[in-house]
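J.:
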Amino acid sequence: MQQPDMMGQAVPGDQRQTQVLENAVESFLKECEKEIKERHHQKACELLDRAEKRFPQLDPIALAKWRPRLEALKIRILLLDLFPQTPNPNRQRFKIFSRDTVRPAVYDCNYDLCHLIREKVFCAELRIPYFIEFEQKLEDKAFHALVLVGDAPYTYSRVWIQDTPEGNKWAVLDRMCTLDVDKDQPYKHRGHGAANYMLECIKQFLAVNLLPNPNYHCNILVVHVPVKTPKVIEKLINKGFRFVTSLEDYKNLVERGDVPITYFHDGKVRVNTVHLYIPLPVDYSLLVNQFALANNKEISNGSPEYQEALEIVTNQHQKACEADLLQIQQYARVEMARAANPDNIKKAKEELQQFQLRQQERFQHTINQQQQYQQQLAQQHQNQQTPPPSSN
Numbered sequence: 001m002q003q004p005d006m007m008g009q010a011v012p013g014d015q016r017q018t019q020v021l022e023n024a025v026e027s028f029l030k031e032c033e034k035e036i037k038e039r040h041h042q043k044a045c046e047l048l049d050r051a052e053k054r055f056p057q058l059d060p061i062a063l064a065k066w067r068p069r070l071e072a073l074k075i076r077i078l079l080l081d082l083f084p085q086t087p088n089p090n091r092q093r094f095k096i097f098s099r100d101t102v103r104p105a106v107y108d109c110n111y112d113l114c115h116l117i118r119e120k121v122f123c124a125e126l127r128i129p130y131f132i133e134f135e136q137k138l139e140d141k142a143f144h145a146l147v148l149v150g151d152a153p154y155t156y157s158r159v160w161i162q163d164t165p166e167g168n169k170w171a172v173l174d175r176m177c178t179l180d181v182d183k184d185q186p187y188k189h190r191g192h193g194a195a196n197y198m199l200e201c202i203k204q205f206l207a208v209n210l211l212p213n214p215n216y217h218c219n220i221l222v223v224h225v226p227v228k229t230p231k232v233i234e235k236l237i238n239k240g241f242r243f244v245t246s247l248e249d250y251k252n253l254v255e256r257g258d259v260p261i262t263y264f265h266d267g268k269v270r271v272n273t274v275h276l277y278i279p280l281p282v283d284y285s286l287l288v289n290q291f292a293l294a295n296n297k298e299i300s301n302g303s304p305e306y307q308e309a310l311e312i313v314t315n316q317h318q319k320a321c322e323a324d325l326l327q328i329q330q331y332a333r334v335e336m337a338r339a340a341n342p343d344n345i346k347k348a349k350e351e352l353q354q355f356q357l358r359q360q361e362r363f364q365h366t367i368n369q370q371q372q373y374q375q376q377l378a379q380q381h382q383n384q385q386t387p388p389p390s391s392n
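This is the structure:
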């Protein structure tokens, strides 16, 4: 092999190695661009990573040549994340994400849309204070779901996993809302199946996408509905949901007539809700396959061993659902007792009054500042119009 001469010039062997690296980088970037055009996100990311790993070995001239193209492809992949497909302007589509499942920029972009919907419906329309609606602890660990028509989001819900020290897990859906629109709009959202579509998509997502993950796997979906929304509760009952406690408990709650919309617990004001549940759909054939793998068996469809395994996993799943439901009922009764506690109701009213007072003070302070600013402008204008005193 030739060595560098005294002037430090590159030998032909080094030139060949540099050329091979540069050709590899060029090839990976070209393939990445093709995958982006085909909207294959995962393959594009893999090719981009393979190209970027070779950048430290390039010489400065090649680095300056290929770096701009690398950065441009990164931006195109990010746009592919934000806009995964060209949406049909007349078709509903479902999107669900969390802080752990998408990139930070994608999360922030989609969460801003969710934030606007909730602020308009819950804070502006239902008068729920901002500090109650957005509880950061749940926001960070939850899945946020959107239903869009074209690029326009109009239905939102928050889904999170409740777990207990006993090991039980269940999915909780709360904060579901749909934007209202003017009557002259071509597409009216409320009352046209938006919530039903959202529920079906979430049930499928929980049952299929989260099933392999033991941290998220659950058997039951619980929906928290504000007590002041009887029409929503009636629609859920018609869809197969059942009260976590009992119908009598709900009737007793309604017949009281003075049910508070909020209560106070654990240092925070909370929305008073009714809990309904439904078992999530389950693929028993998948459970049979998992059973076979766990027991090192080969089970074929239709065989006696398959029927025996199917009966075993069905009984196990039913027992797991019953155990989860007992824990869910226990949690619901505890929350109902807290919501009915007069001290908690009184404390919640005091907190809300203080919040409203602070809001009024901030609003009045803003008005005073605007008035002072207007007075200053008027004074400046008057000073400009007043002629200077005569020198005589």
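306 is the number that full-length UniProt numbering gives to position 306 of the sequence shown; each next residue is one higher, with no gaps.
Ideal placement from N, C-alpha and C gives every residue a C-beta, glycine not left out.
Tell me the DSSP secondary structure of S303 in three-state form.
T.: S303: coil per DSSP, three-state reduction.
J.: Rounded C-beta distance between Y156 and C123? I'm assuming under 8 Å.
T.: That pair is no contact at about 13 Å.
J.: From the DSSP output, which residues share a beta bridge with Q92?
T.: Q92 is bridged to V149.
J.: Using only the alpha-carbon positions, how far apart do R158 and P304 sit?
T.: Rounded to whole angstroms, R158 to P304 spans 43 Å at the Cα level.
J.: Under 8 Å, with one C-beta from each stretch per pair, do the stretch 272-283 and the stretch 206-225 reach the 3-pair mark?
T.: Yes: the two stretches touch, three or more of their Cβ pairs being nearer than 8 Å.
J.: Between the stretch 356-363 and the stretch 190-205, do at least 3 Cβ pairs fall closer than 8 Å?
T.: Verdict: no, contact absent.
J.: So, with DSSP's three-state summary, where would you put Y107?
T.: Y107 falls in the helix class under three-state DSSP.
J.: If you compare alpha carbons, which of V121, A309, L126 is closest to K295?
T.: In the sequence under discussion, the amino acid at residue 295 is Asn, which differs from the Lys named in the question. For N295, the nearest C-alpha among the options comes from A309.
J.: With distances taken between CB atoms, is the gap from V121 to L173 smaller than 8 Å?
T.: Going by C-beta atoms, V121 is not nearer than 8 Å to L173.
J.: Is P186 helix, strand or coil when you go by DSSP?
T.: No answer about P186 holds up, because its pLDDT of 44 lies below 50 and its placement is not dependable.
J.: With V288 as the anchor, note down where its alpha helix (DSSP H) starts and where it stops.
T.: Where V288 is concerned, the enclosing alpha helix (DSSP H) stretches over 284-294.
J.: Could you give the DSSP three-state label for T386: helix, strand or coil?
T.: Three-state DSSP puts T386 in coil, outside helix and strand.
J.: Is there at least one Cβ from chain D nearer than 8 Å to Q370's Cβ?
T.: The question asks about chain D, but that chain is absent: this structure has only one protein chain.
J.: Can you pull the DSSP bridge partners for Y277?
T.: Paired residues: V222, R242.
J.: Counting Cβ pairs, one atom from each stretch, are 3 or more of them under 8 Å apart for the stretch 138-145 and the stretch 97-108?
T.: Yes, since at least three Cβ pairs between the stretch 138-145 and the stretch 97-108 fall closer than 8 Å, the two stretches touch.
J.: What number of angstroms, rounded off, separates the C-alpha of R39 from the C-alpha of E33?
T.: Those two C-alpha atoms are separated by around 10 Å.
J.: For Q162 and N215, what's the separation of their Cα atoms in angstroms?
T.: Approximately 11 Å between the Cα atoms of the pair.
J.: Which value, in whole angstroms, describes the spacing of the CA atoms of A62 and P68?
T.: A62 and P68: Cα-Cα distance of roughly 11 Å.
J.: Taking only the alpha-carbon atoms, compute the straight-line gap between E351 and Y130 and give it to the nearest angstrom.
T.: Whole-angstrom Cα-Cα distance: 13 Å.
J.: Please state whether DSSP places L326 in a helix, a strand or coil.
T.: Three-state DSSP puts L326 in a helix.
J.: For F143, name the three-state secondary structure that DSSP assigns.
T.: Residue state, collapsed to three classes: strand.
J.: Nearest CA to the CA of E209: which residue from P165, T245, D283, I328?
T.: Reading off the sequence, residue 209 comes out as Asn, not Glu. Of the listed residues, the one whose Cα sits closest to N209 is D283.
J.: What number of angstroms, rounded off, separates the C-alpha of L377 from the C-alpha of Q369?
T.: The straight-line gap from Cα to Cα measures roughly 12 Å.
J.: Bridge partners for S27 per DSSP, in chain order?
T.: Partner(s): none; S27 has no beta bridge.
J.: What are the start and end residues of the beta strand (DSSP E) that includes L173?
T.: Counting along the chain, the beta strand (DSSP E) containing L173 begins and ends at 169-178.
J.: DSSP on I128, reduced to helix/strand/coil?
T.: It is coil, neither helix nor strand.
J.: In angstroms with no decimal places, state the Cα-to-Cα distance between A292 and C321.
T.: If I take the Cα positions, the gap works out to 21 Å.
J.: Would F241 pass as a contact of D249 if the rule is Cβ separation under 8 Å?
T.: No, the Cβ-Cβ distance between F241 and D249 is not below 8 Å.
J.: Between H365 and Q375, what straight-line distance do the alpha-carbon atoms span, to the nearest angstrom?
T.: Roughly 15 Å between the two C-alpha positions.
J.: In terms of DSSP beta bridges, what is F122 paired with?
T.: DSSP lists no partner for F122.
J.: Which one of V288, L247, V225 has the shortest CA to CA distance from N272?
T.: It is V225.
J.: Have a look at L21, F134, R127 and flag the residue whose alpha-carbon is nearest the alpha-carbon of R54.
T.: Ranking L21, F134, R127 by Cα distance to R54 puts L21 first.
J.: Output needed for E133: all residues of its chain with C-beta closer than 8 Å, excluding positions within five of it in sequence on either side, in chain order.
T.: R118, E119, F122, C123, R175, listed in sequence order.
J.: Note down, in chain order, each residue of its chain lying with its Cβ closer than 8 Å to the Cβ of T245, except the 5 sequence neighbours on either side.
T.: Closer than 8 Å at the Cβ level, and outside the excluded window around T245, lie H275, Q329, A332, R333, M336.
J.: Mapping the DSSP letters down to three states, classify R99 as helix, strand or coil.
T.: Here R99 sits in coil by DSSP.
J.: Among the candidates L126, H217, I75, whose CA atom is the shortest distance from the CA of T229?
T.: It is L126 whose Cα lies nearest to the Cα of T229.
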